[in-house]
Amino acid sequence: MKKFFYKSSVLALMAGMFLTSCDPEIDTPSSSAGEVNFAKYIAIGNSLTAGQGDGGVYREGQLNSYPAIMAEQFKTVGGGEFTQPLFTEEQRNGTGYLRLAGFTAQGSPITANVTEALAIRSVSPRLYTKYLEPINNLAVPDIKVADVKTAGYGSTQGNPHFERITPDNNSSQTYLQRIQQSTDHTFFSMWIGNNDVLSYATSGAAFSGGALNSNSRTITPTATFDANYSELLTALTAGGQKGVVATIPDVTAIPFFTTVGPSVQQLLAANNIPGLVALTGSGSSRIQIAPAQINAAQNGVYFLLTSSAYASLVGQRTGKYWRDLARQVSASQDPLAVRGTLAGLLLAYQVDTTAMFGLSAGNPIPSALILDAAEQQNVRTATEAFNNIIKAQADARGLALFDANAYFNNVKTGFGKNGVAYSPAFITGNLFSLDGVHPTPRGYAFVASEMIRAINSKYNANVPTVDETQYRTVLFPTQQ
Amino acid sequence: MKSKILAFLGSALISGTAMAGGYQVNLAGQRQIGMGHTGTGLVTGTSSIFFNPGAMSHLGYSGVTIGGSALVSRIAHSAPESNGVTARTDNPLGTPFQVYGVYNINEKFSAGLGVYTPFGSTVNWGDEWSGRYGLNQLELQAIYVQPTVSYAITEKLGIGIGLSYVIGSVNLQRSVPVQNQDGTEGGIELDGGAESAFGFNAGIFFQPTEKFSIGVNYRSRVDLKVEGGDVMFSNIPAAARGNFPDGTTFNAELPMPSTLSVGIGFKPNERLTLAADISHVGWDAYEKLRFDFSQNVAGSPSSEAARNYENAFIYRIGGEYMATDALALRAGAYLDKTPVQDGYLTPETPDSDSRGLSAGIGYSVSENFSIDASFLYINKKERTDAANLSSGIAGTYKSVAYIPGIGLNFKF
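Read top to bottom, the protein sequences are chains D and C.
Take the first sequence: its letters are residues 218 to 697, numbered as in my numbering.
Take the second sequence: its letters are residues 79 to 490, numbered as in my numbering.
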């Protein structure tokens with residue numbers, strides 16, 4: 218009996234071996250690091266590099282950041298561990314973020330804020346649970362190239378994301394100094410500069426000067442950008458390290474700017490409205506907007522994603538936008554103080570909220586909700602200048618370059634991969650998350666593959682690209 | 079005995095096969111599989127019902143053959159720039175089968191009935207691989223039932239024709255790229271039986287001398303149509319469900335292409351038989367895979383992907399040596415050119431030129447009973463394709479198959 222079992226198990230083993238050895242093999246090129254040492258990879262950047270998405274930084278997004286995805290691929294060619302300042306499982310929702318709650322009867326998405334399991338340790342000023350262990354992903358959401366030499370940027374009065382990773386006893390340390398501390402990295406990626414123009418654009422150029430001037434929402438002077446960018450790279454390549462840098466995408470390639478316009482156009486057509494009046498820039502000047510200008514390539518006007526709550530109010534006698542703004546900018550939430558702020562705003566911008574919203578010079582579309590042609594030109598000029606600097610620096614220092622500007626311009630017309638259609642369309646395009654600016658994890662996987670291609674071609678490496686289908690797109694509520 | 083055969087048929091109905099050009103399955107007789115699946119120019123036995131009905135009247139006896147194969151097929155996929163194998167199929171065992179009965183009415187006439195499975199495909203990639211939105215799994219099967227008559231015009235010349243009654247079914251499953259809050263994905267399954275269809279199988283067999291024979295065989299194209307097949311959705315998030323309505327049905331059509339074969343047989347001596355065949359398969363009938371839906375699915379009333387197969391040739395050689403009066407040894411080889419053009423590769427049939435090597439033995443237990451056993455190894459050329467014209471899944475594919483088979487022959 219024993220013998221029988223022995224025999225049959227040997228037979229089963231042999232059959233198993235036979236069937237396994239039957240598996241076809243494919244002669245693929247082998248992975249290689251080329252001229253790169255991937256042993257210690259560090260990532261420099263802003264929210265894109267931190268894995269931000271859906272309007273927030275949270276654990277799942279961090280785990281799917283493009284540097285984390287790339288580091289996984291680097292492991293096949295000698296890459297080491299890649300540590301990120303992850304929010305803990307208990308505080309997994311980090312800063313909070315948007316989730317898709319459903320759709321209106323008209324098919325417009327309804328988003329909701331995720332408010333539990335956050336990592337907020339102070340509400341005012343907004344601060345997050347600290348992370349002081351050594352990290353490879355040094356990304357700081359919202360940071361601009363203009364900010365990297367600002368002392369106190371990591372203090373409680375600075376950028377809460379940088380404060381989060383800045384040692385308590387060294388709160389005056391600048392971002393550049395933090396990077397200069399890293400001497401033992403062998404490879405780096407740096408994708409920074411987006412906010413030097415994007416924060417101007419996403420606020421409709423409304424706060425670059427004027428009554429509500431905010432330095433964080435102005436376009437960085439080109440000379441500052443050039444000098445700071447150069448210093449960053451000097452620090453990162455001090456030991457002769459190789460790396461990859463990326464250009465700044467054209468803002469018109471992201472759904473934040475292109476999603477709402479068509480619905481405004483429909484509204485105007487349905488009500489035979491020949492045109493709109495809007496504020497431009499940061500002052501009180503008015504412009505006229507013809508329906509054909511909306512999302513047009515020439516002399517066009519974009520309605521920002523943040524305008525979706527107000528666009529449907531066109532034609533009503535409403536001051537909702539200004540009331541909301543007053544609550545936001547008022548030093549105190551005391552009703553009297555807010556009312557005072559509101560009166561000041563209406564005076565500064567010469568707004569009469571009893572006039573028809575968007576249709577009269579008295580109650581124009583606020584500048585912060587649109588990016589008009591003149592503002593777009595400012596964005597284009599700055600983007601081009603910054604990208605020329607980035608390309609020249611990459612070239613001069615022998616770094617790999619991911620031309621994100623060219624990539625996202627290509628993506629504008631859509632593409633297909635592995636049976637899925639991708640485009641910059643909001644939600645249905647699969648590439649961009651619910652904030653309309655940051656990619657989905659799937660979108661970040663595409664970015665990681667593009668960066669890997671740039672590295673491979675520059676340094677004769679053959680790092681495998683990423684299976685993007687393993688990363689999610691927009692999640693839909695299971696129950697309506 | 080009867081119930082066992084029925085069980086065998088049942089399992090065959092459940093699992094089809096795919097291991098030839100496109101979704102053709104050339105496993106129609108155990109003796110012939112051993113000889114590289116040649117046989118158009120030979121009297122192959124009762125399986126002449128399939129290989130060449132014109133030769134059936136030259137059989138000279140009545141008999142029944144029951145046979146089947148166990149098809150183990152393995153496919154590997156390497157995604158572009160992945161530097162490795164990224165997916166492997168987990169295909170179920172395929173069981174193509176054949177049953178032939180020939181009644182020798184007189185010296186001139188014979189009549190027969192064949193049941194066989196010349197087309198089919200079962201491929202299972204699972205729902206985790208990078209091509210899952212293109213395909214999770216496909217089961218395609220077709221069973222031919224073919225009553226056949228054959229007439230020997232002279233001792234040297236025979237003709238025959240059979241009417242093919244064809245039944246089939248298709249089941250196709252894909253992942254749908256919409257994700258629930260928990261990250262799980264939706265799925266779509268298309269399932270339908272084909273309307274029964276008809277075709278024919280005709281042949282001429284000519285044997286001018288003892289040593290030499292030649293045959294021509296034509297099997298007609300049959301279009302399998304599914305009408306009102308079920309479209310089933312699973313795990314679709316509520317917010318997206320309007321796009322994937324319950325109760326949807328589909329219509330689709332799939333051609334089983336025509337095959338024209340010319341074959342020769344040569345007997346240099348009493349013990350040795352050599353054969354060579356060339357087949358031309360009319361794959362250009364397969365232009366597209368189109369599903370028409372009864373309601374919009376994902377916003378569209380239909381789904382269509384180009385296939386644009388091109389006609390292809392199959393070249394075969396084989397031989398049989400009678401080692402003793404009872405024992406036959408066989409070997410053969412073939413080259414089956416792919417009908418799939420560059421840019422059109424799909425995970426359903428990640429096809430490329432197939433090389434087949436076969437061996438077989440036959441043993442006559444008695445005057446009236448013999449057994450055939452065969453083994454066929456198929457190795458498809460590794461093929462890299464962008465699949466950009468077929469909405470397929472790009473990458474490199476490599477397929478192999480191991481196909482042992484056995485057949486029992488009864489003479490009356």
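Even for Gly, the Cβ is constructed at its ideal location relative to N, Cα and C.
Note that the coordinates shown come from a computational prediction; the quantities given were computed from them, not determined experimentally.
Contact list for residue i against chain C, beta-carbon separation under 7 Å
{"i": "D/G319", "result": "A317"}
{"i": "D/D652", "result": "The contacting residues do not exist; D/D652 stays about 18 Å from chain C at best."}
Reduced DSSP secondary structure (H/G/I, E/B, other) of residue i
{"i": "D/Q458", "result": "coil"}
{"i": "D/R316", "result": "strand"}
{"i": "D/R544", "result": "helix"}
{"i": "C/W207", "result": "coil"}
{"i": "D/H655", "result": "coil"}
{"i": "C/A96", "result": "Confidence at C/A96 is low in this model, with a pLDDT of 46, below 50, so the placement of that residue should be treated as unreliable; the coordinate-derived value is given next. C/A96: coil per DSSP, three-state reduction."}
{"i": "C/A90", "result": "Unreliable positioning characterises C/A90 in this predicted model, as indicated by a pLDDT of 29, which lies under 50. A coordinate reading is not provided."}
{"i": "D/S282", "result": "coil"}
{"i": "D/P552", "result": "helix"}
{"i": "D/R333", "result": "Before going further, note that residue 333 of chain D is Glu rather than Arg in the sequence given. Note: D/E333 maps to coil in three-state DSSP."}
{"i": "C/S81", "result": "The pLDDT assigned to C/S81 is 33, lower than 50, so where the model puts this residue is not dependable; a value taken from the coordinates is nonetheless given after this. Helix at C/S81."}
{"i": "D/M218", "result": "Confidence at D/M218 is low in this model, with a pLDDT of 46, below 50, so its placement is unreliable and no value can be given for it."}
{"i": "D/H183", "result": "The requested residue 183 of chain D does not occur in the structure, where chain D is confined to residues 218 to 697."}
{"i": "C/G107", "result": "coil"}
{"i": "D/A662", "result": "helix"}
{"i": "C/P196", "result": "strand"}
{"i": "D/G426", "result": "coil"}
{"i": "D/T469", "result": "helix"}
{"i": "D/I436", "result": "coil"}
{"i": "D/V196", "result": "Residue 196 of chain D is absent from the structure shown; chain D starts at 218 and stops at 697."}
First and last residue of the uninterrupted beta strand (DSSP E) at residue i
{"i": "C/L423", "result": "Unbroken run through C/L423: none, as it is neither H nor E."}
{"i": "C/N258", "result": "235-258"}
{"i": "C/M334", "result": "327-334"}
{"i": "C/K476", "result": "473-489"}
{"i": "C/V309", "result": "300-312"}
{"i": "D/A495", "result": "493-496"}
{"i": "C/K186", "result": "Element bounds for C/K186: n/a, residue is neither H nor E."}
{"i": "C/P225", "result": "215-230"}
Residue i: contacting residues in chain D (beta-carbon distance under 9 Å)
{"i": "C/N258", "result": "L692, F693, P694, T695"}
{"i": "C/R152", "result": "L236, C239, D240, P241"}
{"i": "C/S469", "result": "G633, G636"}
Range of the contiguous alpha helix (DSSP H) that encloses residue i
{"i": "D/N412", "result": "412-419"}
{"i": "D/D443", "result": "439-453"}
{"i": "D/G481", "result": "It is Val, not Gly, that sits at residue 481 of chain D in the sequence shown. Taken as a continuous stretch (DSSP letters only), the alpha helix (DSSP H) holding D/V481 covers 478-487."}
{"i": "C/S126", "result": "126-129"}
{"i": "D/H378", "result": "377-382"}
Interface partners of residue i on chain C, CB under 9 Å
{"i": "D/T454", "result": "Those do not exist, as D/T454 stays about 27 Å from chain C at its closest Cβ, beyond 9 Å."}
{"i": "D/D684", "result": "A157, S160, T164, W207, S208"}
Amino acids of chain D, ordered along the chain, whose beta-carbon sits closer than 8 Å to that of residue i
{"i": "C/T402", "result": "Chain D residues near C/T402: none, gap ~30 Å exceeds 8 Å."}
{"i": "C/T474", "result": "I243, T245"}
Per DSSP, cross-strand counterpart(s) of residue i
{"i": "C/R152", "result": "C/V478"}
{"i": "C/R297", "result": "C/N279, C/T337"}
{"i": "D/G407", "result": "Checking the sequence shown, residue 407 of chain D turns out to be Met, not Gly. In the DSSP output, where bridge partners are listed per residue, D/M407 has D/I261, D/V462."}
{"i": "D/F255", "result": "In DSSP, D/F255 forms no bridge with anything."}
Neighbour list for residue i in chain C, Cβ cutoff strictly below 8 Å
{"i": "D/P681", "result": "E159, S160, N161, G162"}
{"i": "D/R689", "result": "Q257, G261"}
{"i": "D/N647", "result": "P255"}
{"i": "D/D271", "result": "Simply none; closest approach about 12 Å."}
Chain D residues whose Cβ lies nearer than 7 Å to that of residue i
{"i": "C/V478", "result": "C239, P241"}
Chain B contact for residue i (CB, 8 Å cutoff)
{"i": "C/E460", "result": "The chain inventory of the structure shown lacks chain B, comprising the protein chains D and C."}
Original post:
If you measure beta-carbon to beta-carbon, which residues of the segment 156-181 of chain C are closer than 9 Å to chain D?
Top reply: For the segment 156-181 of chain C, the set of positions with a beta-carbon nearer than 9 Å to some beta-carbon of chain D reads S156, A157, P158, E159, S160, N161, G162, V163, T164, R166 in chain order.
Subject >> Residues, ordered as in the chain, of the segment 621-643 of chain D that lie near chain C by beta-carbon distance below 7 Å >> reply: Listed by position along the chain: N635, G636, V637.
**OP:** Name, going along the chain, the residues of the segment 235-262 of chain D whose beta-carbon falls closer than 8 Å to a beta-carbon of chain C.
**Re:** Result list: L236, C239, D240, P241, E242, I243, D244, T245, P246, S247, S248.
Original post:
Given a limit of 9 Å on CB to CB distance, which residues of the segment 183-214 of chain C reach chain D?
Top reply: Residues of the segment 183-214 of chain C that bring their beta carbon within less than 9 Å of a beta carbon in chain D comprise E206, W207, S208, G209, R210, Y211, G212, L213, in sequence order.
Original post:
Any residues in the segment 261-274 of chain C with a beta carbon nearer than 8 Å to a beta carbon of chain D? Which ones, in chain order?
Top reply: Residues of the segment 261-274 of chain C that bring their beta carbon within less than 8 Å of a beta carbon in chain D comprise G261, in sequence order.
Subject >> Residues from the segment 432-444 of chain C in contact with chain D, defined by Cβ distance under 9 Å >> reply: Hits within the stretch: zero.
Original post:
Going along the segment 346-367 of chain C in order, which residues come within less than 8 Å of chain D, judged by CB to CB distance?
Top reply: Listed by position, the residues of the segment 346-367 of chain C near chain D (Cβ gap below 8 Å) amount to none.
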